[in-house]
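The working numbering puts the first residue of the sequence shown at 1172, with every later residue one more than the last.
Notes follow the structure.
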Amino acid sequence: MPTLEEKQLLLIPGPTPVPQAVLRACARPMINHRGPEYARLQNENVAGMKEMFQTKNEILVLTCSGTGGMEAAIVNTLSPGDKVLALVIGAFGKRFVKIARAYGADVEEMEFTWGEAVDPRKVRDRLSQDKSKEIKAVLIQHNETSTGVYNDLKVIGPIIREHGALSIVDAVSGLIALDLQTDNWNIDVVAAASQKAFMLPPGLAFVSMNERAWQAYEKATTPRFYFDLKSAKEFAEKGQNPFTPALPQVFGLQEGLRLLRQEGLQNVFLRHQRLGDAVRAGAKALGLELFAKPANASNCVTAVKSPEGLGADDIRKFLLEKYGLVLAGGQAHLKGKIFRIGHLGYVSETDILGCMAALGAGLQELGVSVDPGAGAAAAMASFQAAER
Ligand SMILES: Cc1ncc(COP(=O)(O)O)c(C=O)c1O
């Protein structure tokens, strides 16, 4: 096994690599979280996050991982017994179902074939049958990390709004890697997290709630304490947090936002598009089959089927030990069948070229009949042809 000191190429869909400038910011001395510098810092961060969420809503910054953000979205808008429609295209869709059920919601799962996106027509049909407006909320992923598929929220957001249910979106891996126009697309609640495209260490979740969501809050009776978003909002108005915030991550967020604003959000999307295109081209050139249907293949992560006769986890183990390349495995029933290449956040084009070269070499060394340089060559051609 490589030692911890050895340089690894971390290409999993979170946590993602963190730039030096952000790491340095995280190492700043602690400050008083009830003092004036903290208030300035928090206000600056929230203003930056509004740009990232493309919203005018207040963004609540919580000390927890992404799942905490999803849980906060549920407990602040729903009551036990509320009917909820969960649109499931993979393991994180299943997680949303579990969270809502844990708090007593009456969840109807609408599951689509894994590897495909939510079909907006089926959502429209189901919601139009609900004449008595029993469905209070619709749960959906922006990007389903377990399969490498994104959902078309530009179309689905307005369909949910037309019905009147709240749209609650898990954008933990998708936000800023893929466009999500919270306000324009009528999304009521959005949850995201620090360790994905934001190029930060894990530890923060971000939740956007619009006016409709705050109205739902007033009626929602699900018990809540740590994740009470009204309390978070009231403290935010004073430039504070109800509890001790994870200061290193908050410092890192300030620096990360500075880098992202300098780059510009549209360029951030384009960067992820370039990386996604190159990974898909490279994997295909190595003769590998992609798990996601091309129409909604994600620019955050690519799920790749392992070649006949070779376990996906054996490929990952070999690549880690020989080349220090870290890829993610499959989740749920996809374990051992796929491996996933993360290409979101602080990932460079050179990282992808290195990944493709190592993958090609590794497959050949594992006995696959393949031109080992074909993946890197195809990724390189894709970068050369890409829009900048
Ligand atoms: C789409 C999605 N939702 C939720 C989560 C859960 O986030 P966390 O592990 O930070 O709790 C993840 C993490 O990979 C994710 O990709």
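The C-beta atom is built at its ideal place from N, Cα and C for all residues, glycine as well.
- Under the three-state reduction of DSSP output, residue 1280 falls in the strand class.
- According to DSSP, residue pairing for residue 1513 in a beta bridge involves 1472.
- Around the Cβ of residue 1201, a 10 Å sphere holds fewer than 16 other Cβ atoms; the residue is exposed.
- Where residue 1245 is concerned, the enclosing alpha helix (DSSP H) starts and stops at 1237-1246.
- Straight-line spacing of the CA atoms in residue 1366 and residue 1420 works out to 10 Å.
- Of all alpha-carbon atoms in 1520, 1551, 1247 and 1215, the one lying nearest the alpha-carbon of residue 1389 is that of 1247.
- Three or more beta-carbon pairs separated by less than 8 Å are not found between the stretch 1492-1499 and the stretch 1318-1328, which leaves the two stretches without contact.
- Relative to ligand 1, the beta carbon of residue 1263 is positioned inside 6 Å of a heavy atom.
- For residue 1196, the enclosing alpha helix (DSSP H) has its first and last residue at 1191-1197.
- At a Cβ-Cβ threshold of 7 Å, residue 1383 and residue 1357 do not count as neighbours.
- One Cα belongs to residue 1503, the other to residue 1210, and the distance between them is close to 42 Å.
- Following the DSSP letters along the chain, one finds residue 1554 inside the alpha helix (DSSP H) bounded by residues 1545-1556.
- Bounds of the alpha helix (DSSP H) holding residue 1406 are 1400-1408.
- The beta carbon of residue 1526 lies closer than 7 Å to those of 1180, 1182, 1496 and 1512 in the same chain, with the five residues before and after it left out.
- Counting only residues of its own chain and dropping the five nearest sequence neighbours on each side, residue 1291 has a CB closer than 8 Å to the CB of 1323, 1326, 1327 and 1330.
- Taking 8 Å as the upper bound for CB-CB distance, residue 1316 and residue 1471 are in contact here, some 7 Å apart.
- Taken atom to atom, the span from the alpha-carbon of residue 1469 to that of residue 1379 is near 23 Å.
- In the DSSP assignment, residue 1441 falls within the alpha helix (DSSP H) that extends over 1436-1456.
- Distance between residue 1301 and residue 1251, taken at the CA atoms: about 19 Å.
- Taken from the Cβ of residue 1238, at least one heavy atom of ligand 1 lies inside 6 Å.
- The residue among 1450, 1540 and 1360 with its C-alpha nearest the C-alpha of residue 1226 is 1360.
- Here the stretch 1533-1544 makes contact with the stretch 1479-1494; the two share three or more CB pairs at distances below 8 Å.
- About 6 Å separates the beta carbons of residue 1341 and residue 1267, which is inside the 8 Å limit, making them a contact pair.
- Excluding its 5 nearest sequence neighbours in each direction, residue 1467 has C-beta neighbours in its own chain below 6 Å: 1288, 1320 and 1321, listed in chain order.
- Per DSSP, residue 1224 is one residue of the alpha helix (DSSP H) stretching across 1207-1224.
- For residue 1270, there is no enclosing beta strand (DSSP E); the enclosing alpha helix (DSSP H) has its first and last residue at 1262-1273.
- In the displayed model, residue 1351 falls within coil according to three-state DSSP, outside both helix and strand.
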